[in-house]
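Enquirer: If you scroll down you'll find the structure; I have some questions about it.
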Amino acid sequence: LFNFVDALCEMTLAGAFASYYFAFKKPDDIPATPLLSSFWRCIRYHMGSIAFGSLIISIVQLIRVMLEYLDHKLKDTQNPVGQFFLKCLKCCFWCLEKCLKFLNRNAYILIAIYGRNFCSLPGTRSFSYCAILCA
């Protein structure tokens with residue numbers, strides 16, 4: 001639920017800033033209540049994209065919680081190889097969660113600007129944007 005509300009807030013703010021930034025005539029084309037109108041667009045048109053993005057993050061977080069539970073249960077064992085692999089898995093899923101949060105945030109911004117769904121144009125642009133930043 002937290003991921004969903006966080007995504008809704010991010011997309012609402014991105015839509016409000018985009019409605020101001022892309023207004024052709026600044027005082028006339030800006031809506032009277034940009035946050036409220038952006039929130040309404042998110043609720044009306046982009047609820048599925050928000051739910052899908054937050055589901056992806058929630059699944060990764062669930063796997064991380066299960067790995068933490070395994071680490072807690074296997075804390076007293078004398079198997080250094082198993083502990084090493086468990087710590088590597090925890091680190092990999094932590095990195096995956098951070099990367100997915102970054103990509104989701106950029107996808108939410110692009111969804112708010114262009115009005116497309118999560119799996120089409122914004123998702124591919126978000127991944128290409130990440131590749132440009134990494135280079």
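For the sequence shown, UniProt numbering begins at 1 and goes up steadily by one. Cβ atoms here follow ideal geometry from the backbone N, Cα and C, with glycine treated the same way. Given the structure is predicted, the values throughout are model-derived calculations rather than measurements.
Suppose the cutoff is 7 Å on Cβ atoms and the five residues either side in sequence are ignored; what does the same chain contact list for MET11 look like?
Expert: If we look at MET11 and ignore the five residues flanking it on each side, its Cβ neighbours are CYS42, HIS46, ILE50, TYR108, ILE111, ALA112.
Enquirer: Within 10 angstroms of the Cβ of SER38, are there 16 or more other Cβ atoms? Answer buried if so, exposed if not.
Expert: Answer is buried; the Cβ neighbour count reaches 16.
Enquirer: Write down the C-beta distance between GLN83 and LEU70 rounded to the nearest angstrom, noting that I regard them as a contact closer than 8 Å.
Expert: Contact doesn't hold; Cβ gap of about 10 Å is too wide.
Enquirer: When the Cα of PRO34 is compared with those of GLY48, ALA18, PHE24, which residue comes out closest?
Expert: Out of GLY48, ALA18, PHE24, ALA18 has the C-alpha closest to the C-alpha of PRO34.
Enquirer: Report back the beta-carbon spacing between LEU67 and LEU89 to the nearest angstrom; my notes put them in contact at under 8 Å.
Expert: Confirmed, about 6 Å.
Enquirer: With distances taken Cα to Cα, identify the nearest neighbour of GLN61 among LEU8, CYS92, ARG116.
Expert: For the residues LEU8, CYS92, ARG116, the minimum Cα distance to GLN61 belongs to CYS92.
Enquirer: Hey, how far is the Cα of ASP76 from the Cα of ASP6?
Expert: Spanning the two alpha carbons is a distance of roughly 37 Å.
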